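Residue numbers (the numbering used here): 182 to 245.
A virtual CB, placed ideally from N, CA and C, is assigned to each residue, including glycine.
Quantities reported herein were computed from a predicted structural model and do not represent experimental measurements.
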């Protein structure tokens, strides 16, 4: 992806590898982090990416 692409652009690009519909919802249970910061505290799905950014997808975990 070119510099300035958004998380939404990244998810759309990843969609060619498998379903990402849930991740495109603002209320997704999966947390998305950019450089260790949750995108909720940045610009959400419109968070801009630059070369070298680390993006992590954290699924919900339950135990007991």
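What separation, rounded to the nearest whole angstrom, lies between the Cα atoms of residue i and residue j?
i           : j           : result
residue 223 : residue 243 : 26 Å
residue 196 : residue 217 : 23 Å
residue 241 : residue 209 : 10 Å
residue 220 : residue 193 : 16 Å
residue 214 : residue 191 : 13 Å
residue 151 : residue 232 : Since the first residue of the chain shown is 182 and the last is 245, residue 151 is not available in this structure.
residue 225 : residue 188 : 8 Å
residue 186 : residue 229 : 6 Å
Considering residue i, what are the terminal residues of the beta strand (DSSP E) in which it resides?
i           : result
residue 188 : Per DSSP, residue 188 belongs to no beta strand (DSSP E); it is in the alpha helix (DSSP H), 188–195.
residue 220 : Neither: residue 220 is in no beta strand (DSSP E) and is coded neither H nor E.
I'd like to confirm the pairing. Which residues does DSSP put opposite residue i in its beta bridges?
i           : result
residue 212 : 239
Taking buried to mean at least 16 other C-beta atoms within 10 Å of its own C-beta, is residue i buried or exposed?
i           : result
residue 182 : exposed
residue 239 : exposed
residue 211 : exposed
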